[in-house]
Each structure stands twice: as structure tokens, then as C-alpha cells.
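S.K.:
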Amino acid sequence: MAYFKTLLDLLKIEREEDKKSYRQLIETSSVAERRALGYTWYPIAIRDTEMTRGEYISVEVERTTHQDINPQLRFGVSAMLFSNHDAQNDHIEGTVTFIGGNRLKITLRTDELPDWADNGKLGIDLLFDDNSYDEMQTALKQAAEIEEKGKEKEARLIDVLIGKRKPEFNTDIPYYSNSKLNDAQNAAVNKILSADDIAIVHGPPGTGKTTTLVQAIKALIKQGGKQILVVAPSNTAVDLLSEKLAGEGLNVLRVGNPARVSEQLLSLTLDSKMTAHGGMKEIKKLKKQAAEFKNMAHKYKRQFGRAEREQRKALFDAAHKIMRDVEKEEQYITEDLIAKAQVITATLVGSNHYTVRHLKYNTLVIDEAGQALEPACWIPILKAKKLILAGDHLQLPPTIKSNEAAKAGLSETLLEKCVALHPEAVTMLEEQYRMHEHIMGYPAGVFYEHRLKAHSSVAQHTLFPTDVPFTFVDTAGCAFDEKQEGASTYNPEEAAFLFKHLNLLVEELDKHYPSDNFPTIGVISPYRQQIHELNELLEHNSFLLRHGNKISVNTIDSFQGQERDIIYISMTRSNADGAIGFLSDVRRMNVAMTRARKKLVIIGDSATLSPLTFYADLISYSEKMNAYQSAWEYMDA
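Read left to right, the sequence shown gives residues 8 to 644 (the working numbering).
(1) Quick check on this structure: which residue in Gln192, Asp203 and Ile228 has the alpha carbon closest to the alpha carbon of leucine 217?
(2) Give me, in chain order, the residues of the same chain whose beta-carbon lies closer than 8 Å to that of valine 196; leave out the 5 immediate sequence neighbours on both sides.
(3) Please say whether aspartate 246 and leucine 272 have beta carbons closer to each other than 9 Å?
(4) Once DSSP output is grouped into helix, strand and coil, what is the label at leucine 449?
(5) To the nearest angstrom, how far is it from the Cα of valine 475 to the Cα of alanine 634?
(6) Find out if the Cβ-Cβ distance for the pair leucine 403, valine 598 is shorter than 9 Å.
(7) Can you tell me which of the three DSSP states serine 559 falls into?
(8) Of the residues Glu250, Ala427 and Asp488, which one's Cα is nearest the Cα of proline 174?
(9) Return helix, strand or coil for lysine 128, following the three-state DSSP convention.
(10) Within its chain, find whatever has a CB closer than 7 Å to the CB of methionine 442; leave out the 5 residues flanking it on each side and keep chain order.
(11) Going by beta carbon distance, what residues of the same chain come within less than 6 Å of glutamine 349, once the five residues before and after it are set aside?
(12) Exposed or buried, glutamate 375, counting other C-beta atoms within 10 Å across all chains shown (16 or more means buried)?
(13) Do the CB positions of valine 208 and glycine 398 come within less than 9 Å of each other?
(14) Are there 16 or more other CB atoms within 10 angstroms of the CB of serine 629, so buried, or fewer, so exposed?
(15) I'd like the list of long-range same chain contacts for proline 265, defined as Cβ closer than 6 Å, with 5 residues on each side in sequence excluded.
(16) Determine the closest residue to valine 560 out of Leu545, His554 and Arg116, with distance taken between C-alpha atoms.
(17) What three-state label does DSSP hand glycine 157 in the structure shown?
(18) Taking the Cβ atom as the reference point for each residue, do isoleucine 64 and leucine 120 lie within a distance shorter than 9 Å?
(19) Can you check which of these residues, Gly448, Glu337 and Thr478, is closest to glycine 285 by C-alpha distance?
(20) Out of Asn498, Arg267, Lys631 and Pro521, point me to the one whose CA is closest to phenylalanine 479's CA.
(21) Counting C-beta neighbours from all protein chains within 10 Å, is the total for proline 450 16 or more, i.e. buried, or is it exposed?
(22) How should aspartate 25 be labelled, buried or exposed, when 16 other C-beta atoms within 10 angstroms of its C-beta is the threshold for buried?
(23) Can you grab the Cα-Cα spacing for the pair alanine 648 / leucine 421, in whole Å?
(24) So, using beta-carbon positions, are glycine 45 and asparagine 91 closer together than 9 Å?
(25) If you check the beta carbons only, do tyrosine 575 and isoleucine 528 fall under 9 Å apart?
(26) Rounded C-beta distance between isoleucine 106 and isoleucine 51? I'm assuming under 8 Å.
(27) Does DSSP classify threonine 73 as helix, strand or coil?
(28) When you compare the CB positions of lysine 329 and lysine 294, do they come within less than 9 Å of one another, or not?
(29) Chain D beta carbons: is any one of them nearer than 9 Å to that of valine 38?
(30) When burial is assigned at 16 or more other CB atoms within 10 Å of the CB, is histidine 1 buried or exposed?
(31) With which residues is tyrosine 368 paired in a DSSP beta bridge?
(32) Please look up how many angstroms separate the CB atoms of threonine 496 and glycine 416, rounded, as I've assumed it's under 8 Å.
(33) Taking only three categories from DSSP, how would you classify leucine 322?
(34) Kindly identify the DSSP beta-bridge partner or partners of glutamate 100.
(35) Helix, strand or coil, according to DSSP, for isoleucine 386 in the structure here?
(36) For the beta strand (DSSP E) that contains glutamate 437, what are its first and last residues?
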């Protein structure tokens, strides 16, 4: 079918570009460089080993230095154990089965550690993630096949999603009302409960999308009592929902590895639930016995006769037989725990983990669907009869490596397509609980047709009575010219000016707040090199570092889903040509502006920005709000 053939072609282009970028990185970088980027743990120490499924060995390792670097390694990815003694030859591949803090477990495709594990320093390298691409490709092929056969029952949801059929709703169900929710949130839950195939929750910033979803999932379980699959593109989003659902008293099983290592989250994982299961005592005993047999077998070195060889083989056979019994027992416990779960949570790809691969669901919820690559969505969709999409297609889309694939349509998400195809399935949440109404005003008009309203609890909240919640500081004419560093842009004068402005604000805030209750501050920019510049300046600003734990500096993309009391945006671009690069993707600015709760300060060059209507209108809005200032006003401050 043409729909899925197009997606398969685009996925192939993206895979090749991703692989090319990965190869370039690996071939041109040292261990230290890869480690700095989070792709490598080195050096590591082996802390434990145990036999696992399929007679493979699971190795627990700990990184012993550079523990502050955020790892790219995550649950389910392919990785490689290597020795720096002879890294070309001394390496073995496996899969990361756990990562938490500075420890990870990797299941290696062998039943014993190689001899070189005792030589030189060891490390773990992230390998290219072929598995995710394989899963996406398989799902698209299966969807195309089901679509082609056109069986009413199996193809119904697919037909709705690709626009061949209209969604249907059951109007006979009792009306749902929850005092914890506002009118729009209650309407969203009712749409979800009445949908036969698809319902969409459009959640603009701060509108309580997660709260709505949690109550909807509770209501769905009450309505049908059947197990629900809840997924999201990132581990962080899955963790948030898992925690909230468990907090409502639901039996949640978190498949995969939480990004945050909290006791509550870990207690929801299969590993943790298995550890607490009554049948695990016997399994531990059997594993210990198998390990002892293997250790005895390993004592027979290379030079031995026929009798020793037979004895060695008998010990290995006994160990393998015990491990087969262990596998059966573990399988029984796993199936028992999965059957009891009311909600299973995972990432999109994680929903096909071998422990739950076979399961089918009445209802699937995809949260943060505005950031989900469409081919990845089809992995869980094929497991369900009914789909709930939740997110905001007017914030940032998924990250795509290939410009060619992005321009040809891969950057368009399933959420965007379904909102356009089936407006009758969409409920927009219209009341936000984050921003002062002046901060909200411009994005509410441009992106949300003025439908977004500020709840009375936040509409007028400011840092102190005389503070102005929104300011645009214009640097036009100040000669704050942008510079280039590789492919990234930065603006050192604008960065220095930003901290000058922030210093003045913090001076004022010190009069109103004790240090333990000081407002949170986010300093953001679209450009990585500008972030580097801002971080350098912050490191040498002893006045601001008194509140260092309250100040974070990062890219706009990194701030999606977060909020701060105060947000500063360094627009960075300032040139005679009016070139603004990817600032022309105004969804990025929607994210940036809507992170602020009580104060938003945008610093930019109106002469460079104004040729784009979005920025010209933003500056006009700031003038109307009496929120426009020129950087010249601060030159003698």
C-alpha cells in the first residue's frame, strides 16, 4: 500500500543518514571524545556476573571515573564490551538490560567472559541502534499487509489512521464527570471513553494533559477492566506517567529502564517485581548451583585428558540443565506479574520487548505524540483496537537526522495527520495553569486561536508586586554581531548583556526572597554554541553562582516539557542579511516562550528578526503590553 511504502522509503533514508553520522563519529573520535559525548563508559570495573536466558552471561559494570557525563546508553540498546589492550580484536557485543546511576548490566552473547576481560582497562561502547529501525520497519510491513488484506476487524484502526474511514463514537455511555478536572479536561475524558477507534487530546503548554490522561486511564479501566498499554517516545515521559498512574493506586508494570532512578519507579519494573516474588528464592538457589558447576568446569584448563574432558562436559551439561529449569520458572513468574498488571508502560520501541511482545490490548495511549516518529508509533498500534493520541503538534517535532527524509514528510507526525484528518476526534485543553496571562498572550493568539485561557491562580502571578512579567529587549543598533563556530552560531556580546540584565533582576529578587525559596531561572537559546558561551560566563559570575542550584542553561529543545519561574531567551541571531536559520521554525519559539511561569525576557535584534511576520508581530505585542525596551537603556547600568 502506497501510504506504508512511502514511510518505509523515508525510514530507509533516515536509517542510512543516522548510520553514516554514527560511523563518522566512531571512526574519527578517540575513546575520550566518545566518552565526553556519552557514547562510551571508560574505564569500567566488572562488579558481578550471572547466567541468564539462552545461556548468555549478564555482566554488571560500574564506571569508575567521569561519572558526571550524561550517558547516551539506555535500556535495550546494542553495546559492546571492549578492552583497550587490543580494542580491534578484544570486544564482544551484547544488549544493555539495565542502567541506573553509574552501573549498567549488559547481556553478552556468550556463556562465559573471554580471557581478555582480565587484560588492560575495560569499557562499554554504544553500538548503532539497528534494533529500533528493524522494529519500525517490521511494524510498517505488517501494517501494510493487514491493510492490503482488508479484514474488517484487523484493518479498522489502520483505515481510520490513514484516512480511509471516519472514526466512530458510542454516544450511549454514561457521562463522566470528575471534580478534579476542568470542563475541557472532562470533555477530553468523555471523548476517550466514547471513542471506538481514536480520540485525540491536544494539550497546549501547562494545560494539565498528564492529569487528564491519568484520570482517563483510570476511567477506561473502570469501564472495561482490561489491560491498557501506555507509551511515549522518551523514557522521561514514560516515567512521569508511570509514577502518576501508580500514585492513583493502579497496578503498573514499567517495561524497560526508568531514566530517573527513584525507588518508586524502580519498584514498578519487572526486575523489581520479580525480586519481590515468592518464587525467586528457589531460582536464586538454582542459579547459584549452576554457577558453581560452571566454575568447577572452568578449573579444567586447556591441557587435559579424555576423562577430564568428559567431566568438564558433564558439569557444563548440568549447569545448562539447571538454567533451563530456571528459565521455565522465571517465565512462569513473568507471565503471572504481567497478567496482574492493569497498565503496562514502555517507550514506543520498548512496547515490543520480548517479555510483552505477544500481548494485545483493547486500548493504547501514546503520550507526547507530537514528538513521536510515525514509524515508531506503528509498533504499539498493531497491538491495539483503539488509540488515544495526546500531545501538542504545535510544539517541537521529533528529531530527524536526514534533511531529505524530513522535507519529504518524515517530520510530519501521526498526531499532526490525525488532527487534520479527524477534527471530530480532537479535544483541546483550554485552561493553562503555568503562565501569567501576558506571557501566554502572544503564543495563545498565534498558535491556539486565542482559545487558551490562564487559570485565575496564575493569570496575575508575578515575582513581586511591581514586576513586569514580559519584556522584549531589543539589541538592534548595538553591534552585537553573531559569530560562527563550525555549524553553530553564537553571539558573545548578547550573552554578556543577558547576564548583565539577569544580575540586575537577581539584585532586586534578593530583596524579596530568601535563598532557599529563590525563584527558578532558565536561560535558553536555540544554538548549542551560544549555550556553551552562556555556561562559560555563568561559571565566572560569582554573584549569580550564589543561586547556582536555581539556574539552568540549555537549548530550547532540552527545555521542552519543563518550566521555570523566570525564562531568559537569547535569540543569538544578529546580521545584516536578516538570516535567522532554524528560528524560522516558530514552533521552537512556542516551546521557548511557554516555559516561563512568572517572567519572560527575550533578548534579540529586531532588525534581524522582524522580516519574519511572527517576530514582527511579537515585537508589536511587546509594545502594546508596554514590555518593549532597548538594550541602550542598560548601557550605563
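Just so it is clear, CB atoms sit at the ideal spot from N, CA and C, and this is done for glycine as well.
M.R.: For this structure:
(1) Looking at the sequence provided, one finds threonine at residue 217 rather than leucine. Considering only alpha carbons, the answer is Gln192.
(2) Cβ neighbours of valine 196 beyond the five flanking positions: Tyr183, Asn185, Leu188, Thr219, Gln222, Ala223 and Ala226.
(3) Between leucine 272 and aspartate 246, the C-beta gap is smaller than 9 Å, which places the two residues in contact.
(4) The sequence as given places tyrosine at residue 449; leucine does not occur at that position. The answer is helix: DSSP assigns tyrosine 449 an H, G or I state.
(5) When the Cα atoms are used, valine 475 and alanine 634 turn out to be separated by approximately 7 Å.
(6) The Cβ atoms of leucine 403 and valine 598 sit closer than 9 Å to each other.
(7) Reduced to three states, the DSSP call for serine 559 is strand.
(8) Answer by Cα proximity: Ala427.
(9) Look at lysine 128 here: in three-state DSSP terms it is coil, with no helix or strand label.
(10) Cβ within range, chain order: Gly213, Ala461, Val465, Thr601, Ala603 and Arg604.
(11) Close CB contacts of glutamine 349 within its chain, under the 6 Å cut and outside five residues either way in sequence, are with Ile228, Leu257 and Asn258 (chain order).
(12) For glutamate 375, the number of other beta carbons within 10 angstroms of its own is at least 16, and it is reported as buried.
(13) Their beta carbons are under 9 Å apart, which means valine 208 touches glycine 398 by this criterion.
(14) So serine 629 counts as buried.
(15) Once the five neighbours on either side are set aside, the close Cβ partners of proline 265 are Asp246 and Leu272.
(16) Restricting attention to Leu545, His554 and Arg116, the CA atom closest to the CA of valine 560 is found in Leu545.
(17) Three-state result, glycine 157: coil.
(18) Yes.
(19) For the residues Gly448, Glu337 and Thr478, the minimum Cα distance to glycine 285 belongs to Glu337.
(20) Checking every option, the nearest Cα to that of phenylalanine 479 belongs to Lys631.
(21) Label assigned to proline 450: buried.
(22) Within a 10 Å sphere around the beta-carbon of aspartate 25 sit 16 or more other beta-carbons, which makes this residue buried.
(23) No answer is possible for residue 648: it lies beyond the span of the chain, which begins at 8 and ends at 644.
(24) Contact: no.
(25) Result yes, Cβ atoms of tyrosine 575 and isoleucine 528 sit closer than 9 Å.
(26) Actually they are not in contact, since the Cβ atoms of isoleucine 106 and isoleucine 51 sit about 12 Å apart, beyond 8 Å.
(27) Here residue 73 turns out to be histidine, not threonine, going by the sequence shown. Under the three-state reduction of DSSP, histidine 73 is assigned to coil, being neither helix nor strand.
(28) Residue identity check: residue 329 is isoleucine in the sequence provided, not lysine. The beta carbons of isoleucine 329 and lysine 294 sit closer together than 9 Å.
(29) Looking for chain D here will not work: only one protein chain is present.
(30) No answer is possible for residue 1: the residues shown for the chain start at 8 and end at 644.
(31) Note: tyrosine 368 sits in a beta bridge opposite Ala391.
(32) Not really, about 28 Å apart at Cβ, beyond 8 Å.
(33) Here leucine 322 sits in helix by DSSP.
(34) In DSSP, glutamate 100 forms a bridge with Met87.
(35) Note: isoleucine 386 maps to helix in three-state DSSP.
(36) Note, glutamate 437: premise wrong, no beta strand (DSSP E); not H, not E.
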